[in-house]
Amino acid sequence: MTAPQDVPAAHPAADRVAVITGASSGIGAATARQLAATGLRVVLTARRKDRIEALAAELTAAGHRATAYALDVTDRAAVNAFAATLDHCEVLVNNAGGALGADPVATGDPEDWRRMYETNVLGTLHVTQALLPALVASGDGTVVILSSTAGHATYEGGAGYVAAKHAEHVLAETLRLEIVGQPVRVIEVAPGMVKTDEFATTRFHGDAEKAAKVYQGVAEPLTADDVADTITWAITRPSHVNIDLLVVRPRAQASNSKVHRTQ
Numbered sequence: 459m460t461a462p463q464d465v466p467a468a469h470p471a472a473d474r475v476a477v478i479t480g481a482s483s484g485i486g487a488a489t490a491r492q493l494a495a496t497g498l499r500v501v502l503t504a505r506r507k508d509r510i511e512a513l514a515a516e517l518t519a520a521g522h523r524a525t526a527y528a529l530d531v532t533d534r535a536a537v538n539a540f541a542a543t544l545d546h547c548e549v550l551v552n553n554a555g556g557a558l559g560a561d562p563v564a565t566g567d568p569e570d571w572r573r574m575y576e577t578n579v580l581g582t583l584h585v586t587q588a589l590l591p592a593l594v595a596s597g598d599g600t601v602v603i604l605s606s607t608a609g610h611a612t613y614e615g616g617a618g619y620v621a622a623k624h625a626e627h628v629l630a631e632t633l634r635l636e637i638v639g640q641p642v643r644v645i646e647v648a649p650g651m652v653k654t655d656e657f658a659t660t661r662f663h664g665d666a667e668k669a670a671k672v673y674q675g676v677a678e679p680l681t682a683d684d685v686a687d688t689i690t691w692a693i694t695r696p697s698h699v700n701i702d703l704l705v706v707r708p709r710a711q712a713s714n715s716k717v718h719r720t721q
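Numbering (this note's numbering), first residue to last: 459 to 721.
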């Protein structure tokens, strides 16, 4: 076990900073809105500069503190340059990721597998490594890793995404072991079926018909706001409380492969 270290003084609550990756849409954007509402200064990152700038403007107009920074989490040099722009950081939400394809192992596209691994796993690694010193120095840091129920059980046609999310789960679990004694929590939130504007459409390379079938007959899949609420709840627990792993599914989903459908 790592020996406890001297804990630095925490930054004033009124100026605590939360970095959210993949904040241009879906869960990332919803999380940015909810964390901003708690008083955190949110730093929105994503590749789509126009979207995060629009979100930052929306939040600022509502009286919150928000800035946008265009960032590709798979580019380590860019991630390091971003980290250097921050005076301090108290919260990191590793949300950037996604699924590509739903083919069996026998015919899966290795390029889809590579892109999923680079974004979900190496992207999370890059940003976490770059910001961890600031999180420790804050005296009260939190790392959130948004994995998936795919990181805890497999299903047919999902091996590439499942493999990437299992890796994210292991990253969170191992980091928690390695930094015990430091003033940083490591929280993993693993959502099940979430209906957002882009997740399934991206997975099926823009095929809206295939994307719609994922949610067909499911009365109430989770929404981005549901997951953002869960993330925000975990982050806003007292500093000594660590939500190691929180699995959240819609009531209609009993497992990755058993979902109640009305049609």
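Heads up, the beta-carbon is just placed ideally off N, CA and C, and yes, glycines get one too. The structure presented is a predicted model; accordingly, all values stated were derived computationally and were not measured.
Inter-residue Cα distance where the pair is residue i and residue j
i    : j    : result
G616 : T659 : 15 Å
A564 : L558 : 16 Å
N714 : V620 : 11 Å
A512 : S482 : 9 Å
P568 : G618 : 9 Å
T600 : K507 : 25 Å
K716 : A630 : 26 Å
T720 : L544 : 49 Å
R491 : E636 : 31 Å
A692 : G521 : 24 Å
T690 : V549 : 11 Å
D665 : F657 : 11 Å
G484 : T496 : 19 Å
A682 : A542 : 30 Å
V699 : R572 : 35 Å
A669 : Y527 : 30 Å
T586 : G486 : 16 Å
K653 : T607 : 14 Å
D473 : D702 : 26 Å
T525 : R661 : 29 Å
T489 : N552 : 11 Å
T612 : A519 : 43 Å
P696 : R509 : 32 Å
A514 : H718 : 38 Å
L498 : T694 : 10 Å
I603 : D655 : 21 Å
Beta-carbon proximity list for residue i, same chain, < 7 Å, skipping 5 on both sides
i    : result
H757 : Summary: the structure shown does not reach residue 757, with the chain confined to residues 459 through 721, and so no result is reported for it.
A622 : M574, Y575, N578 and V579
R534 : H584
D570 : L558, G559 and G618
Cβ shell of residue i (< 8 Å), same chain only, five flanking positions each side left out
i    : result
L421 : The chain is shown only over 459 to 721; residue 421 falls outside these bounds and no answer can be derived.
V706 : V647, A648, P649, G650, L680, D684, V685 and T688
E704 : The question names Glu, but residue 704 in the sequence shown is Leu. So the qualifying residues of the chain are I645, E646, V647, A648, T688 and A692.
E614 : P562 and S715
V592 : Before going further, note that residue 592 is Ala rather than Val in the sequence given. Contacts found: A541, L544, H546, C547 and G599.
G566 : G559, A617 and G618
H663 : L558 and G559
Rounded distance between the beta-carbons of residue j and residue i, thought under 8 Å
i    : j    : result
H627 : S596 : 25 Å between Cβ atoms; not a contact.
A710 : V676 : 5 Å
V501 : L517 : Incorrect: roughly 11 Å between the Cβ atoms, too far for contact.
V594 : C547 : The Cβ separation is near 10 Å, so there is no contact.
E678 : P708 : 6 Å
Same chain, Cβ closer than 6 Å to residue i, five either side skipped, listed in chain order
i    : result
G581 : V531, T532 and A554
V644 : V601, A630, L633 and R634
V465 : Its pLDDT being 49, under 50, V465 is placed unreliably by the model, and the measurement read from it follows with that caveat. Counting only Cβ-Cβ distances below 6 Å, and skipping sequence neighbours, we find G597 and P641.
L589 : A541, C547 and L550
Y434 : Nothing in the structure corresponds to residue 434, since the chain is present only between 459 and 721.
G556 : T660
R523 : R499
Sheet register partners of residue i (DSSP bridge)
i    : result
S606 : S606 pairs with nothing; no bridge assigned.
V652 : L680
N599 : Note on residue identity: the sequence assigns Gly, not Asn, to residue 599. V642, per the DSSP bridge assignment.
K671 : None, per the DSSP bridge assignment.
L493 : Answer by DSSP bridge pairing: none, since L493 is not bridged.
L502 : I478 and A526
Q721 : Paired residue(s): none; Q721 is not in a bridge.
L703 : E646
S715 : In the DSSP output, where bridge partners are listed per residue, S715 has none listed.
Test: residue i CB closer than 8 Å to a CB of chain D
i    : result
G559 : No chain D appears in this structure, which consists of one protein chain only.
Check: Taking only runs of the alpha helix (DSSP H) that begin and end inside the region 622-649, which ones reach a length of at least 4 residues, in chain order?
Finding: DSSP runs (the alpha helix (DSSP H)) wholly in the region 622-649: none.
Notebook entry, point to check: Which runs of the beta strand (DSSP E) spanning at least 3 residues fall entirely within the region 504-590, listed in chain order?
Noted result: 524-528 and 549-552
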